[in-house]
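Every position in the sequence shown, counted from 1, becomes a number in the working numbering once 3 is added.
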Amino acid sequence: VGRLTVYVTDMEAYRGSRAEIGAEYRAVFGKHFPAMSLVAVTELVDPRAVVEIEATAVIP
4 VGRLTVYVTD MEAYRGSRAE IGAEYRAVFG KHFPAMSLVA VTELVDPRAV
54 VEIEATAVIP
């Protein structure tokens, strides 16, 4: 994965969950830190969704 963009509808909930999110991130990616952006949005296409993750991967 070369880049991650995370869209969230509730920034306060995201901030309150950083420890859990970080633990899951490290379990999957280890010490790999691609370029990342976090974007607060008012809503996503599915009204039940609270997070959307867009990833760009490069296959050499």
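Using N, Cα and C, we set each Cβ at its ideal position, and we do this for glycine too.
Around the beta-carbon of V11, 16 or more other beta-carbon atoms lie within 10 Å, marking it buried. No residue range can be given for E46, since it is assigned to no alpha helix (DSSP H) and is classified by DSSP as neither H nor E.
For V54, the three-state secondary structure derived from DSSP is strand. Annotation: F32 to L7 spans about 12 angstroms, alpha carbon to alpha carbon. The alpha-carbon separation between G25 and D49 amounts to approximately 25 angstroms.
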